[in-house]
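Line order of the protein sequences matches chains A and Y. Using my numbering, the letters of the first sequence map in sequence onto residues 1 to 265. Using my numbering, the letters of the second sequence map in sequence onto residues 266 to 586. All residues carry an ideal CB built from backbone N, CA and C; glycine is no exception. Everything on this sheet refers to the single structure shown next.
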Amino acid sequence: MLEITAFESRRRVRGTLYFAVALLAYSGLVLAIFPSIEAAATDIQSYIESLPPEVRRAFGGEAATYTTIEGFLAAEMYQFVFLLLLGMYFAYAAASTIASEAERGSIAPLLANPVTRTRVVVGKYLSLVPSMLALNAVLLVGTYYGVILVGETIDLADLALLHALSLPYLLACAGLGLVASVLFDSARRAQTVGAGGVFAMFLVDAVTFDTDYEWLGDVAFSRYFDPAEILVDADVDWAGIAFLLVAAVVLVVLSAELFERADVS
Amino acid sequence: MSASTAIALDGLTKYYGDVRGMEDLTFEVAAGEVFGFLGPNGAGKSTAILTMLGLLSPTDGEARLLGRDVTDREALLDAKREVGYIPGDVTFYDRITGERLLDYFGRLKGDQRREELLERFPIPERRPIGDYSSGNRQKLAIVQAFMHDPALVIMDEPTSGLDPLLQQEFYALVEEERARGVTAFLSSHILSEVRRICDRVAVIRDGRLVTVEDVGVLLAKSGKVVAARLAESPDASAFDIEGVAQATVADDGRYTLIVTGNYDGLIDRLGDYTVEDLEIRETSLEDVFIHFYGAEEGFEPEERVPEDGGDRPDVRAGSDA
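This is the structure:
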């Protein structure tokens, strides 16, 4: 059953490795800055408090938490790494799965094997999971020891929970990319729509937050996964996590059904 | 349709929007038959093959492989367990090695005959497929198509890119498989190949079926070719007479007439002119195709000439091919 997943996962190993190194470097950079932020905590807090509330949100909400290790990591790393970087990466990767094979023409010999199209779609989607787990594990371990290295402490359970809860968000983003992948024969178009969709959702969520149009952002996946809340307040929006999981399943089922009906040549 | 029918098409039609891919294709391929599917590029051969494999959904009509309706997901899956496929434009994954591709496909469908096939069609297994020559790609396609011992093999121009020796090896393989009861369906525009291995052919033009015929019968029905050189230069229409199916005149003044009925009319007409040279030979498949498609639309010369120069015992007199 998992032959397609095994094959496709193996093809992702190299890309995942490079990406893991880049994430570690980014984590190291953010952690390296932290001691100087902490040293200037009082000034920075009063500066943040002087900002209009909409802008203040960019610093993770509360001025008091920005200069803690949890608040700083959430605001400067995890918001960006999970919501944008990894979200867009997995949407892009999922968008490439079927569309790039359709574009190159390797999909026909694959589908001539005794496999259903649903199995191909689901198998390729699942091949992203090892990569998600590996990147999370590397970043978790790297960040945890990085924190210790800069002389701080962080609760490992909270950090691990944050990483675990990124999975539903990333699965939903990949689901969006997967739909794009079966809708378009051009890999580039599918990738643009997939990754661009994640970016657009993030923007809509951010721009409409605390406005009369906040409901517009209700469809954005980023609204249901808040790294700052989880890391700083250990507060988990379980309904939101459930929404993301349901969205991921619905998008995969939709992709499979669309692909079953598509003409492939 | 009987149980011994490997492929059954009934009114199979595919339109891409308003563009006709194929229309109303109806024919059957018996189990154990080697069946050729002929037509120039763009005639709809690949459309038909992709529809038979369930990759394109027909606009109308029905296709059955080994008795299973290819538009039924479960039935198609069942059928595909016993089907091998050689794609027309062989594309696999460039960055992986041939060995890994065969491992992968082997896990999906079985690979009990893999080693034996690799001995006959050796490839640089440990090298990435992206580095393969077109011949090696084609060999890889052949190995993967036959390695699970399928009952039916569907091949889109299977010998393209193969050198003559490997072409012969491939023909031998198809003949051995036929002896074991395997059905082979191959599209081709290499007529020597069709003549060599096919029992029957379907001819397709502009998406429509022109004829389905036993190769031998097709040739027999196609009459003889009379090539003549005349002192005078009458228009080709001068031979628009009973018994002459087609008359063309080449730039060098040579007349080529396809005679399907009796010769009396032709003899009478030739009597009106001064015949400088005359030869009569049996038709080749090339002539049949020119008959079906017209000279302009027909096959390119390099596709008409058999690469090994042989297997045309019907050429008795000097041919102008």
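Option in the options with minimal Cα separation from residue i
i         : options                                    : result
A/Tyr-169 : A/Val-81, A/Gly-71, A/Ser-36               : A/Val-81
Y/Ala-492 : Y/Glu-507, Y/Val-408, Y/Ala-512            : Y/Ala-512
Y/Asp-343 : Y/Leu-417, Y/Lys-404, Y/Glu-298            : Y/Leu-417
Y/Asn-306 : Y/Asp-537, Y/Ile-469, Y/Ile-523            : Y/Ile-469
Y/Met-317 : Y/Tyr-358, Y/Val-355, Y/Ile-272            : Y/Ile-272
Y/Glu-422 : Y/Tyr-350, Y/Ser-452, Y/Gly-395            : Y/Ser-452
A/Pro-114 : Y/Glu-339, Y/Leu-383, Y/Phe-357            : Y/Glu-339
Y/Phe-450 : Y/Thr-270, Y/Leu-274, Y/Val-294            : Y/Val-294
A/Ile-44  : A/Thr-68, A/Leu-31, A/Leu-165, A/Leu-203   : A/Thr-68
Y/Arg-391 : Y/Arg-385, Y/Met-412, Y/Phe-411, Y/Arg-360 : Y/Arg-360
Y/Gly-297 : Y/Ser-398, Y/Glu-440, Y/Arg-285            : Y/Glu-440
Y/Pro-415 : Y/Val-335, Y/Leu-430, Y/Ala-437, Y/Glu-442 : Y/Glu-442
Y/Asp-275 : Y/Val-284, Y/Glu-327, Y/Pro-323            : Y/Glu-327
Y/Gly-473 : Y/Leu-277, Y/Thr-270, Y/Ser-269            : Before going further, note that residue 473 of chain Y is Arg rather than Gly in the sequence given. Selected option, being the one with the closest Cα: Y/Leu-277.
Residue i: contacting residues in chain Y (beta-carbon distance under 8 Å)
i         : result
A/Ala-105 : Correcting the residue identity first, residue 105 of chain A is Gly in this sequence and not Ala. Near A/Gly-105 (Cβ distances below 8 Å), the residues of chain Y are Pro-352, Asp-354, Thr-356.
A/Glu-260 : Arg-338
A/Glu-3   : Tyr-369, Arg-372, Leu-373
A/Ala-99  : Neighbours of A/Ala-99 on chain Y: none; closest Cβ ~15 Å, over 8 Å.
A/Ala-280 : A question about residue 280 of chain A goes unanswered here, because the residues of chain A that appear run from 1 up to 265.
Beta-carbon neighbours of residue i, restricted to chain A and to distances below 7 Å
i         : result
Y/Glu-370 : Checking the displayed sequence, the identity of residue 370 of chain Y turns out to be Phe instead of Glu. Ordered by position in chain A, the residues that pass the 7 Å Cβ test against Y/Phe-370 are Asn-113.
Y/Leu-342 : Pro-114, Thr-116
Proximity of residue i and residue j at Cβ, strictly below 8 Å
i         : j         : result
A/Val-120 : A/Ile-4   : yes
A/Leu-84  : A/Phe-199 : yes
Y/Ile-462 : Y/Ile-314 : no
Y/Asp-471 : Y/Ala-308 : yes
A/Thr-118 : A/Glu-260 : yes
A/Ala-94  : A/Leu-139 : no
A/Ala-112 : Y/Tyr-350 : yes
Y/Leu-373 : Y/Glu-347 : no
Y/Gln-604 : Y/Phe-370 : Because chain Y is modelled from 266 through 586, residue 604 of chain Y falls outside the range shown and cannot be assessed.
Y/Leu-303 : Y/Thr-312 : no
Y/Leu-366 : Y/Ile-394 : yes
A/Ser-131 : A/Phe-225 : no
Y/Pro-499 : Y/Tyr-538 : yes
Cross-chain neighbours of residue i in chain A, by beta carbon under 8 Å
i         : result
Y/Lys-374 : Asn-113, Pro-114
Where residue i sits in the DSSP three-state scheme
i         : result
Y/Val-626 : Absent from the model: residue 626 of chain Y. The displayed extent of chain Y is 266 to 586, so no value can be given.
Y/Glu-293 : strand
Y/Arg-581 : Unreliable positioning characterises Y/Arg-581 in this predicted model, as indicated by a pLDDT of 33, which lies under 50. The coordinate reading is nonetheless provided below. Correct three-state label for Y/Arg-581: coil.
A/Glu-76  : helix
Y/Phe-302 : strand
Y/Ser-269 : coil
Y/Gly-563 : Its pLDDT being 41, under 50, Y/Gly-563 is placed unreliably in this model, and the value from its coordinates should be taken loosely. Looking at Y/Gly-563 - three-state DSSP - the assignment turns out to be coil, as it is neither helix nor strand.
A/Glu-152 : coil
A/Gly-15  : helix
Y/Glu-288 : strand
Y/Pro-387 : coil
Y/Ala-308 : coil
A/Pro-114 : coil
A/Val-122 : helix
A/Pro-53  : helix
Y/Asp-368 : helix
A/Thr-68  : coil
Y/Tyr-397 : coil
Y/Arg-519 : strand
Y/Gly-282 : coil
A/Leu-2   : coil
Y/Gln-511 : strand
A/Leu-183 : helix
Chain A residues whose Cβ lies nearer than 9 Å to that of residue i
i         : result
Y/Lys-345 : Leu-111, Ala-112, Asn-113, Pro-114, Val-115
Chain-ordered neighbours of residue i on chain Y, where CB pairs are closer than 7 Å
i         : result
A/Ser-265 : Leu-315, Leu-320, Leu-321
A/Phe-7   : Tyr-369
A/Ala-172 : Correct list: empty, because the minimum Cβ distance to chain Y is about 27 Å.
A/Ala-93  : Here the premise fails: no neighbours, minimum Cβ distance about 16 Å.
A/Ala-102 : The contacting residues do not exist; A/Ala-102 stays about 11 Å from chain Y at best.
A/Ala-25  : Result: empty, since nearest Cβ-Cβ is about 26 Å, beyond 7 Å.
A/Ala-187 : The contacting residues do not exist; A/Ala-187 stays about 14 Å from chain Y at best.
A/Ala-190 : Those within 7 Å of A/Ala-190 in chain Y number zero; the least Cβ separation is about 18 Å.
Within chain Y, the residues that residue i reaches when beta carbons sit closer than 9 Å
i         : result
A/Ala-242 : Ordered by position in chain Y, no residue passes the 9 Å Cβ test against A/Ala-242, which lies about 31 Å from the chain.
A/Ala-164 : Those within 9 Å of A/Ala-164 in chain Y number zero; the least Cβ separation is about 31 Å.
A/Ala-206 : Chain Y residues near A/Ala-206: none, gap ~38 Å exceeds 9 Å.
Runs of 4 residues minimum, wholly inside the segment 189 to 237 of chain A: which ones carry the alpha helix (DSSP H) assignment?
227 to 233
As an exercise, report each continuous alpha helix (DSSP H) stretch of at least 4 residues that is fully enclosed by the segment 444 to 508 of chain Y, in chain order.
456 to 462, 480 to 486
At 4 residues or longer, and completely inside the segment 415 to 449 of chain Y: list those alpha helix (DSSP H) runs for me, N to C.
429 to 444
Runs of beta strand (DSSP E) lying entirely within the segment 312 to 359 of chain Y, each at least 3 residues, in chain order:
325 to 330, 348 to 351
Contained beta strand (DSSP E) runs [length at least 3] in the segment 525 to 549 of chain Y, N- to C-terminal order:
540 to 547
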